[in-house]
Amino acid sequence: MKTIYLSALLAFFTVKGAMAQTNLISNGGFEETNGENFPQDWEPISTSGVTFSLVTGDGNFHEGIQGFQVAATSNSAKGAEQAFTGLVSDTEYTFSFWYKYVALPNRQDPGDGIRFSIAYDAINIEDPLNPIPSGFIGYIESPAEGLPIVEGIWLPAEFTGDTPPVSGSTWTVGDGSGTISVQVTRQPTVIFDAMQLVGEETMGTGEFSAKKMNIYTNEGNLYIATNGGESLSVYNLLGQEVASAAGNPAVTVISNLPQNQVLIVRDGSRSAKVIVKQ
Ligand SMILES: [Ca+2]
Numbered sequence: 471m472k473t474i475y476l477s478a479l480l481a482f483f484t485v486k487g488a489m490a491q492t493n494l495i496s497n498g499g500f501e502e503t504n505g506e507n508f509p510q511d512w513e514p515i516s517t518s519g520v521t522f523s524l525v526t527g528d529g530n531f532h533e534g535i536q537g538f539q540v541a542a543t544s545n546s547a548k549g550a551e552q553a554f555t556g557l558v559s560d561t562e563y564t565f566s567f568w569y570k571y572v573a574l575p576n577r578q579d580p581g582d583g584i585r586f587s588i589a590y591d592a593i594n595i596e597d598p599l600n601p602i603p604s605g606f607i608g609y610i611e612s613p614a615e616g617l618p619i620v621e622g623i624w625l626p627a628e629f630t631g632d633t634p635p636v637s638g639s640t641w642t643v644g645d646g647s648g649t650i651s652v653q654v655t656r657q658p659t660v661i662f663d664a665m666q667l668v669g670e671e672t673m674g675t676g677e678f679s680a681k682k683m684n685i686y687t688n689e690g691n692l693y694i695a696t697n698g699g700e701s702l703s704v705y706n707l708l709g710q711e712v713a714s715a716a717g718n719p720a721v722t723v724i725s726n727l728p729q730n731q732v733l734i735v736r737d738g739s740r741s742a743k744v745i746v747k748q
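My numbering numbers the first residue of the sequence shown as 471 and each following residue consecutively.
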């Protein structure tokens with residue numbers, strides 16, 4: 471499984487245009503209930519130390535008449551997941567949802583609170599028989615990635631990420647299937663509602679993303695437009711940090727990077743995929 475590395479862009483909701491967009495998440499509004507009083511089309515990830523409930527009534531949903539509440543009584547991650555299909559290459563996906571803390575987590579370090587991952591099958595078109603990379607489990611952490619932990623009010627969350635190919639990459643989306651998981655950690659009680667994963671086709675998405683961040687590569691070096699003082703990191707697809715730097719005024723140059731492989735550049739809450747070549 472390869473994971474869409476979602477750059478965290480919490481937007482206090484800019485409503486997107488009126489374009490018709492298909493939500494790849496089924497029952498993202500948690501309005502439909504299965505025979506076990508669990509949201510239809512979702513599966514619990516862990517059932518010990520947690521109570522799942524579909525909640526109605528004032529303040530317990532954001533849209534429709536029902537929200538999905540996860541009340542964890544153990545520290546480990548608890549939540550729900552769903553398999554989806556229909557993911558395509560060259561597309562920028564936006565994952566959004568609303569959440570409300572009914573009870574706060576007992577710790578608020580990076581990784582505590584809410585986390586989610588979106589993983590999908592990917593293949594290397596130059597070597598399609600080679601196994602899919604494994605162990606690349608990216609996830610969005612709260613509050614480090616911009617999901618404020620505040621009790622008692624509904625908050626929006628929105629993240630975007632691109633599907634391959636990226637600039638110079640030979641990776642592409644496989645059969646379009648994937649899994650989304652949403653979990654809580656450290657014993658909070660959280661209600662979720664209005665989950666959406668929608669795609670918007672772009673031209674050369676990875677390049678577009680790198681362009682948006684004003685990143686370019688030349689002769690093995692990476693150049694990023696910076697203001698000064700930013701915290702820049704570069705990761706490989708195993709999630710290992712291969713370089714870090716503090717931003718300089720105007721432009722920051724990062725050298726000695728692994729060549730000819732997909733790297734993820736992070737600048738604060740933004741990220742983009744690049745390939746550095748000599
Ligand atoms: Ca709902």
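C-beta: ideal position from N, C-alpha, C; glycine also.
Identify every residue that forms a DSSP beta bridge with residue i.
i	result
Ile584	Val654
Asn706	Answer is none; Asn706 lacks a bridge partner.
Val732	Ile745
Gly631	Tyr563
Gly669	Tyr563
Ala547	Paired residue(s): none; Ala547 is not in a bridge.
Ala713	Val704
Glu661	Looking at the sequence itself, residue 661 is Ile, so the reference to Glu does not match. Its beta-bridge partners are Gln539 and Lys570.
Ignore the nearest five residues each way along the sequence and tell me which others in residue i's own chain have a CB closer than 6 Å to its CB.
i	result
Glu670	Glu562
Glu501	Gly534 and Gln536
Straight-line CA distance for residue i to residue j?
i	j	result
Ala713	Ser725	8 Å
Val525	Thr659	12 Å
Phe531	Phe538	8 Å
Ile694	Phe629	21 Å
Ile607	Ser651	At Ile607 the pLDDT is 31, less than 50, meaning the model places this residue with poor confidence; the figure from the coordinates comes in the next sentence. One C-alpha to the other measures close to 11 Å.
Asp663	Gly527	13 Å
Ala541	Phe522	6 Å
Gly499	Asn594	35 Å
Pro719	Asp579	30 Å
Val620	Ile661	12 Å
Gly698	Val735	16 Å
Comparing alpha-carbon positions, which option in the options lies nearest residue i?
i	options	result
Val721	Ser587, Gly644, Asn691 and Gly583	Asn691
Ile623	Ala589, Trp568, Gly648 and Ile593	Trp568
Ile515	Gly499, Ala547 and Asp528	Ala547
Asn493	Ala627, Leu557, Gln666 and Gly581	Gln666
Arg585	Gly505, Ile495 and Ser566	Ser566
Ser741	Ile685, Asp645, Ile661 and Val723	Ile685
Ser496	Thr649, Thr517 and Gly529	Thr649
Val704	Gln510, Leu727 and Gly646	Leu727
Gly581	Asn706, Leu707 and Gln653	Gln653
If you drop the 5 nearest sequence neighbours on each side, which residues of the same chain put their C-beta closer than 7 Å to that of residue i?
i	result
Ser701	Ala716 and Gly738
Arg577	Arg656
Asn545	Thr655, Arg656 and Gln657
Chain B beta carbons: is any one of them nearer than 9 Å to that of residue i?
i	result
Ile588	Absent from the structure: chain B. Only one protein chain is present.
With a threshold of 8 Å on Cβ separation, who are the neighbours of residue i within its own chain once the five nearest residues in sequence on each side are excluded?
i	result
Glu513	Ala550, Glu551 and Gln552
Lys747	Gly638, Thr687, Gly690, Gln729 and Asn730
Leu625	Trp568, Tyr569, Lys570, Leu617 and Pro618
Gly505	none
Leu574	Ile619, Glu621 and Pro658
Sequence ranges, beta strand (DSSP E) only - wholly within the stretch 488 to 531, length at least 3: 520 to 525
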